[in-house]
Every structure is written in structure tokens, then in C-alpha cells.
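First comes the structure, then the notes that go with it.
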Amino acid sequence: MMQQPATRLAGTLSLAATIFVITTVAVFLVFATARIMAKWSMKGDSESF
Amino acid sequence: MDFLFQSIDGRVLVKATPVLVFVLGILAIAYRYYSAFLAARVLCLNDSNPTPAVRLADGQNFHVTNRWVLFGHHFAAISGAGPLIGPVLALQYGYLPGLLWLVVGVCLAGAVQDMVVLAASVRRDGKSLAEIVRVEMGPWAHAVASSAILFIVIIALAGLGFVVVKALGGEKVALPATMVLTPSQGTAFKKLDGENAWLVPAGATIQMPGDGGRFIRPEPFTLQVTDGAMPVSDSAPWVLPAGASQVIPGSSWGLFTIACTIPIALLVSAHMYWFRPGRVLEASLLGGVLVLGATWLGSFVPGSRFESWFQLSQGQTVFVLCAYGFIASILPVWLLLCPRDYISSFLKIGTIALLVVGTCLANPLLLHRPVEPVFASGGPTFKGGMFPFVFICVMCGAVSGFHSLVSSGTTPKMVGREKDIRLIGYGSMLLEGVVAVVALIAAASLDPRLYYDINVDLRRVPEFQGQIDRLHQELGQAGNIQHLTIAQVEERVEETLRGRVGGAVTLAVGMAQILTKPLEELGLKDATLFGYWKYWYHFAIMFEALFILTTIDTGTRIARYLVQETMGRLHPAFGRPAWIPGAILASGLVTLAWGALVATGSIDTIWPMFGIANQLLAVVALATVAVMLSGTSGRRYLWVLVGPMLFVLSTTMTAGYQMVVIRFRQ
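Here's what the structure looks like:
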């Protein structure tokens, strides 16, 4: 089926937005994992959350 | 046993009330035991720790608030349209997958996230999620998280805005050339005054071109053709020429009622701040009465000379919605945003209570199948398969990253005692889960034929007609026990319903059915009941739109602050929220971004994107609090955060990958 230009644009926009969000969250999780590992290996826990 | 289930045509149909009672029981157990465990062991909540509302009290942002008032505020802030719409759309997979995810997700993921993020913010001077990231993980992680949050908020706004546009805006749907329309015996096409428009009578048969299928439209509809085109005779089959389209009028009643909520909010604001300062209850009652009055008054708009003012196309509805979001984002919060939120929070809690009571009294049968094999690998509301898309479709009622912005926004600045975090964080999310379950029940109690008549986009009917025919054949008599056709429902609610995808209209019809049924038991006659349908329907549409508009005005403002914060690095003046040129520019950019997505998108592009983005924000929130917990003695309980985080991550990443692959294949 032929797609309308607006539909193609929507497809491209949603694709770009999805890729961007997935990438940023993946990068964020790298930071978070590194931080959890660093804190886990540290001595002297603080008592409170 | 009739109270629990009914056997029809060899199929056992479950009733709604036992399901609702069972779910409420599980949620009560989760609140009693799991939230107590989180409070005592994981978070070590202690009332002797002074909260930011006590330590930093300034009478404006930091202010100790009664726990029940704060519960209401927090619930109103987190409950957007997601819990109403998602479960309705997920019904294409059957009601059981969505229901199970709602119950398990809300107890073990959503409520945990809301409660722990709230505790984290209370322990960090009421800081926002992005600020907590900066403190815990440094400026780079903060930059990444902030940009993800900004994108996610914009996508969420587009998702919610689209639902309003589909529920209210009119459109012209192109019909393929050589499609054949045949009026039923004894009926005829009728030329309408003015434009090249014809009324196609009820019961007309439609033969799609090629092997596109053949089906009957029980309801009448308006057809627009190019200049001079007409049928051979009024009652003979009509082979449509190129350029023909079906006209779906906008909902003037719905738009009028929703438009009225803006001056009503301004009036309530004036009442609270100028006319009778401090008389909050009085202002609330005034707002409630006026909103109900507007719903009733709206019934006089269709057919009146004001109809054309409120009957907008989808493009015009997008424009009006964007204009509203833009203006609400710039105006002072006390003028429009706060009184609107205030009115809508009363309306939300009242309507949900009404719906729970209505469901228990009506005790309708769940007419959809528990698991729907026909659309298990994708259907009209969602392209993807049951896994992972049921977890993406049903988000806000199970787990929603958007809530973490509220839990680290206004709420932590008003908590008076640490132990109240359990009620406010965990309890209000459980209530949101109840909203989602009730929405699911309302939609599942609709005749599946009616559900798909509303939820298949008119342009895509040929694509799904074969599957829908197979579904009805498999359901047999049990599928249409109530024999309520779309023609009958359209007549009762006085609106065009076919092809109004997006979930809002389906839910409004479901709500109207549930809320009318107890009146039927009281012995009201059919004619009177028909009259009630249209009021319940429009009340439900107004209720949903209020949910959504509340999120749109708050969300546009949140995104505006994020843009201004970023622009402030280029020029310090932009960083000041009160600087008007900066506010206008940032609001304009944000509105333009979500408006473009709404204007060009469709439900199967926007809603999955919204679901993925929203739940990825939950991953960010859970990861952030996991970082905090890993540095404390409570780190042996890290699984309570990492478990749901990994599950949500696996579903969202799988869905994201599949979406990208689907798009590339197109």
C-alpha cells in the first residue's frame, strides 16, 4: 500500500525518537551499572537509604 | 453461580464483579505486606527523621500537608489517561494478559518505583530525579538522563494528545475507487443539501475492490463524492468513483464541554484567590456543578447554530490542543493549571468511585475471550505480538516512568512524616492500578463486534476484515449476547463512532453501558435509558479529556523547564523560568514537537512509542534508586529494584527492536 508523505514522516520521526531514547537509556545504564559496582565494592555503608 | 459466570453457546463467560473483588484482594495483600516490607527493611522509614517539608518549610514549595490531602494530590498528578486507554487497546490480545500484567506489575514494579523514588527524593531534600542523578552519578549521567526525560515527556504528550484528537476531531476517510455500495432492501441513497454529499442508509452492503471482502454497515453514514458523481439510481448498487470519501463529523458536544472547563477553571481560580479566598470546598463544589452543567448544556450544541464553532476537523483539533498546551505552559500556574488540576482531581476520584460501584452493581459479563488467538501476533490497535507489546500497551496502570517525575516533583516537598511515604507512594499507585482494571473491565464487557467496529481505522478495514470475520465466527452467540450494534449505540449517544480508534471512545461507550445498567435494574423504561446513554457517554469523554488535558498542561510545562534549563547554558537569561521570551520560545519548541507527532502519527505509531519511552523512564528511575540503595546496608534487597528494572528493560528493548525492524521493513 502506498504511504502518504505525512505517514512516512510520522514513521521516520517515531523511528528516530525511539532509537534516540533507547540509545540514551542504554548509555545511562552503563553509567548506573558502573556506579552500582563501585558502591558495592566500597567499605563502610551508610545506614540510611 | 450466576453471580460468578454464565455458560452461553458452550463458552463460559466470567462476570466482572468477582474479577474486580479478586484483584482488590490481591492489591490489599500487597499493600499490607509488601509495602510494609519495603518501608521497614529496604527504606528504613523513620518518623524521627525530619522531612524536607519540615526542615526547609518556606510556605510555598515546602509545606507539611495532611497525608490524605497529599494522597489525593499525588494520585491526581500521576493518573493521566494511560491507565484508562492502555488496557482498552490491549484488549485485542484478550483481557487476561493485560489483567495479569496490571496486577503483577502494579504490586511488584509500579508501586515499588513510585514509593522508592518518593523516599529517595524525601531523603535528598525533595530533589528532582534529574538532580538526584547529578548528585549520585555525576554531570554526564545527568545530561544523558535529562535529554532522555525531555524526549520521553514529549512523546508522552503526543500519545495523550492523539487520543483527544481521535475522540473529538472530524475527518474525511478516502474510500477506494470501484468500491461498491448497495443499499439494503427498501432503503435508498439520499442526496444531502449543499456539498456533493449523500447519506448512505443503514444496513448497506460494502464490497471492497478486488478480494478486499464484503461486509454490512448497520449504521447510516455520510459519503462525499467529486462534482457530479451520483448513483445510477437511489436504490441500485453504486460503484464509487475516484475521490470519494466518508465524512466523520467532529464531536461538537464533546468539544463544547471540554472547552467549557477552561473558563470554569479560571472562574474557580478567581473564586479561590479574589472573590472568597480560602473557601476551597466552596470553589470545588462550584467547579463540579459547573462541569456537570456544561456536559448537560453540550447536548444543545449539535444541530444549533453554534455547532459549526465546535465541530472541528482533526487538523483543527490538533491546532487548538497545541494552542491550549502552549498558553497553559506560559500562564502563571495559579491561574489555569492549578484550578484545572483541582477540579479534575475531584472529578477523577468521584468518577472512579462511581465506576467501581457501577461495575459491582451491573456485574456485566466479560464478552471478550481471556486470550484472543486471532490477534495474538498483532491487530488493529497494536502491530506487534502479545509479547512484548501487551507490556508496552498497558503501562501507566502497571509501571510508568512518568510517575517518577511526580514522586520527585511536588509530592516529596509536602510529606510531613516519613512513614506516610508508604500510603502516598505505594497506595496511590495501587489505586491507579484499580482504575486500569476497571477500564479493562468496562471495555471487555462490550460486544467484541462493537469493540472492533470502533477500533479498526476505516482506512485499514480491508486489512483486518478477514480476521474479524473469523473472530466473530469463533465467538458464536457468546460474542454478541447483548445484541448491541454500532448503529444502536450511535443512535443512543448521538455521535459517529465507527473508526474512532485510540481507546477513549471505546471506554466511554463501555462506561455508558456499565453506568446505565444499574438504572435498568431499577425498572426504567428503554426510552428513558436511551436518553441516559448520551449523557453518560459525553460525561465519560469529558472525564477522559480532563485527565489528558491535565497531563498536557503539566507535561508541556515540565518539558519547557527542561528546555529552558538546557538553553540556560547558552544564555543565562533562558535559564530563568520567569523570563517571558525564554518561556515563550521553550514552550513553542515543545508544543511544536509533540504537535508534529500528533498531526502526522497514527495510534499504532504513537502509542507503542509512548509505551516504550514511558517504561524506559521507569528503567532510568529504578536504576537511579538502585545506585542509591547499593551504597547502604539495604543493598541486600537490591533485587526489589533490579528485578522489575530488568523485566521492564527486557520488554521495552525487545519492543523497541521489533518496532525499529518493522519500520525499516516498511
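Residue numbers (our numbering), protein chains in the order written: chain F, 1439 to 1487; chain E, 327 to 992. We put the beta carbon where it would ideally sit given N, CA and C, even for glycine.
- Interface criterion met: the Cβ of Met463/E is under 8 Å from a Cβ in chain F.
- Listed along chain F, no residue sits closer than 8 Å to Ser454/E by beta-carbon distance, the nearest being about 16 Å off.
- Listed in chain order, the alpha helix (DSSP H) runs fully inside the segment 679-755 of chain E are 712-719 and 728-733, counting runs of at least 4 residues.
- The segment 376-391 of chain E and the segment 963-978 of chain E do not touch, with fewer than 3 CB-CB distances between them shorter than 8 Å.
- A straight line joining the alpha-carbon of Thr876/E with that of Ile404/E spans about 10 Å.
- Partner residues in the beta bridge of Arg543/E, as assigned by DSSP, are Ala530/E.
- The criterion of a C-beta distance shorter than 8 Å is satisfied by Gly398/E and Ser671/E.
- Between Met755/E and Gly436/E a beta carbon distance of about 5 Å is seen, short of the 8 Å cut, so the two are scored as contacting.
- Between Ala909/E and Ile656/E a beta carbon distance of about 5 Å is seen, short of the 8 Å cut, so the two are scored as contacting.
- Residue state for Thr552/E is assigned as coil, using DSSP reduced to three classes.
- Within the segment 544-631 of chain E, complete beta strand (DSSP E) segments of at least 3 residues are found at 547-550 and 571-574, given in chain order.
- Taking the beta carbon of Leu369/E as reference, the chain F residues within 9 Å of it are Ser1486 and Phe1487, listed in sequence order.
- Contacts with chain F at 8 Å (Cβ-Cβ) include Phe477/E.
- Comparing alpha-carbon positions, the option among Ile1460/F, Trp1478/F, Leu1447/F and Lys1477/F lying closest to Ile478/E turns out to be Ile1460/F.
- Around Ile938/E, the beta-carbon contacts reaching into chain F at under 9 Å are Thr1456, Val1459 and Ile1460.
- With 16 or more other CB atoms across the displayed protein chains lying within 10 angstroms of its CB, Tyr752/E is buried.
- In the displayed model, Ser374/E falls within coil according to three-state DSSP, outside both helix and strand.
- For Met935/E, at least one C-beta of chain F is nearer than 8 Å to its own C-beta.
- Contact with chain F is absent for Trp862/E, since none of that chain's Cβ atoms lies less than 8 Å from the residue's Cβ.
- Unbroken beta strand (DSSP E) stretches of 3 residues or longer found wholly inside the segment 829-855 of chain E: none.
- Per DSSP, reduced to three states, the secondary structure at Val499/E is strand.
- Here Thr926/E carries a helix assignment [DSSP, helix/strand/coil].
- Rounded to the nearest angstrom, the Cβ distance from Gly580/E to Leu494/E is 5 Å, consistent with a contact under 8 Å.
- Ranking Gly569/E, Pro546/E and Glu545/E by CA distance to the CA of Ala555/E puts Gly569/E first.
- Judged by beta-carbon spacing, Thr685/E lies within the 8 Å limit of Val764/E, meaning their Cβ atoms are closer than that value.
- Between Arg695/E and Gly420/E, the gap from beta carbon to beta carbon is short of 8 Å.
- For Ala482/E and Arg883/E, the gap between their C-alpha atoms comes out near 13 Å.
- Within the DSSP bridge table, the entry for Ile334/E names Arg337/E as partners.
- The alpha carbon of Leu772/E has as its nearest neighbour, out of Thr832/E, Ala762/E and Val438/E, the alpha carbon of Thr832/E.
- Taking a cut-off of 8 Å for Cβ pairs, the segment 856-865 of chain E and the segment 634-642 of chain E do not touch, as fewer than three such pairs fall below it.
- Between Ala769/E and Val338/E, the CB-CB gap reaches or exceeds 8 Å.
- Listed by position along chain F, the residues whose Cβ is nearer than 7 Å to that of Ser956/E are Ile1474, Lys1477 and Trp1478.
- Under the rule that a run must span 4 or more residues, the alpha helix (DSSP H) segments found entirely inside the segment 418-455 of chain E read 421-431 and 437-449.
- By alpha-carbon distance to Ser730/E, the top candidate from Ser454/E, Asp384/E and Ile355/E is Ser454/E.
- Counting only the Cα atoms, Phe488/E lies some 24 Å from Phe713/E.
- For Thr822/E, the closest C-alpha among the options Ala830/E, Ile812/E, Gly829/E and Gly828/E is that of Ile812/E.
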